[in-house]
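For the sequence shown, numbering that gives the first Met the number 0 begins at 0 and goes up steadily by one.
Every residue gets a Cβ at the ideal spot worked out from N, C-alpha and C, and that includes glycine.
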Amino acid sequence: MLLIALGAAALFVLHQDFWLWNDRTLLLGFLPVGLAYHAGYSIAAAALWALAVIFAWPSGLGGDEHDEGDAP
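Below is the structure:
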C-alpha cells in the first residue's frame, strides 16, 4: 500500500513537467518531446493503477463472486 501511495505521489509531482514546456525537440522527427513524455507518463500511470488493483483492492468488493444460495 505504501509503495502505491508513494508511486501516486511521484506521478503527481512528475505530471508538472515544466522542464519540457519550451523544449522544441522532435523525437523520431515528428513527435514533440512533451507529447512523448506524456505518453510515457500515461503508461506509467496505467501500470501503477493496475498494480493498485492487483495488490491493494479489498477482497470483499469483488462483484463476480457468488455464494451457493445467491442466484437461482
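Candidates the options, of which the one nearest residue i by Cα
i    : options       : result
G138 : A43, N21, A44 : Outside the modelled stretch of the chain, which goes from 0 to 71, sits residue 138, for which no answer is possible.
G39  : A8, D16, P57  : D16
Rounded Cβ spacing between residue i and residue j (contact assumed at less than 8 Å)
i   : j   : result
I3  : L50 : 6 Å
Y36 : L19 : 6 Å
M0  : A55 : 5 Å
Residues near residue i by beta carbon distance below 8 Å, same chain, minus five either side
i   : result
L25 : P31, V32
G6  : L47, L50
For residue j and residue i, the rounded distance between their alpha carbons
i   : j   : result
A44 : V52 : 12 Å
F29 : S58 : 45 Å
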